[in-house]
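Numbering (the working numbering), first residue to last: 93 to 348. Note that the Cβ used here is the ideal one computed from N, Cα and C, for glycine as well. Since the structure is predicted, the reported quantities are computational estimates derived from the model, not experimental observations. Working notes, beginning with the structure itself.
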């Protein structure tokens, strides 16, 4: 795929979408967590992602997550240049979203940002005290489910128009399981941004929530290629078409 000026819209959408995810979904945990509980926070993440998917999905694909973008890259849905642009937009958007959330939260009497602020953690920073190994495995599995669902329901041979719903449901279920364990990362941008403002020990542990989701995304892409052969065949057909077009252009250039 050649880079076009209109592709800038997709990058902007990833920035705005990730910003919104952090501000509203993480904001639900930071500002309303004591009122809505685990279920409310999980639903907030699911519904926010659902809304974002329908708002920017037709333009950028609504990745709003570096792990999802990695899965898409490995599945052959996007090229490397676009993936890098998305990653930059997602991390910057998440940081801006966290900064705006902090700006609002600091106006609330008694708000404490350090060590918390919607960050992820293990050990003493986990509600159930999960250890580092358990946290890593949990984040890999939870991210695997998210990326696997995204890859399956966004393919061109999947049912059109309903991709946002299963993705939103998947993220809500993932949070129901993950919040007591690690606070639920499954998104490196979402995990890093609040940690930058929360300081230590959130920053000390954030590496796990950067690495584990990427591992989960790689596994999801590999499994997807095995379990969805029709989709893999479509990918191979596209690659063959591109190769044939390139060969034809080379021959035309030689003839000229």
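Query	Result
Please identify the residue among 300, 273, 108 whose C-alpha is closest to the C-alpha of residue 283.	300
Output needed for residue 151: all residues of its chain with C-beta closer than 8 Å, excluding positions within five of it in sequence on either side, in chain order.	101, 102, 105
So which of 166, 158, 293 has the shortest CA-CA distance to residue 278?	158
Rounded C-beta distance between residue 134 and residue 234? I'm assuming under 8 Å.	About 12 Å separates the two Cβ atoms, so there is no contact after all.
For residue 199, count the other beta carbons within 10 Å of its own beta carbon; 16 or more makes it buried, fewer makes it exposed. Which is it?	exposed
So residue 220 and residue 272 are supposed to be a Cβ contact under 8 Å. How far apart are they, rounded?	5 Å
Locate the alpha helix (DSSP H) running through residue 317, then write down its first and last residues.	294-319
Report, in whole angstroms, the separation of the C-beta atoms of residue 167 and residue 243, which I expect to be a contact under 8 Å.	6 Å
Measuring straight from C-alpha to C-alpha, what distance separates residue 316 and residue 160?	13 Å
Determine the closest residue to residue 302 out of 319, 311, 310, 281, with distance taken between C-alpha atoms.	281
For a test of the three-state rule: what should DSSP assign to residue 273, helix, strand or coil?	coil
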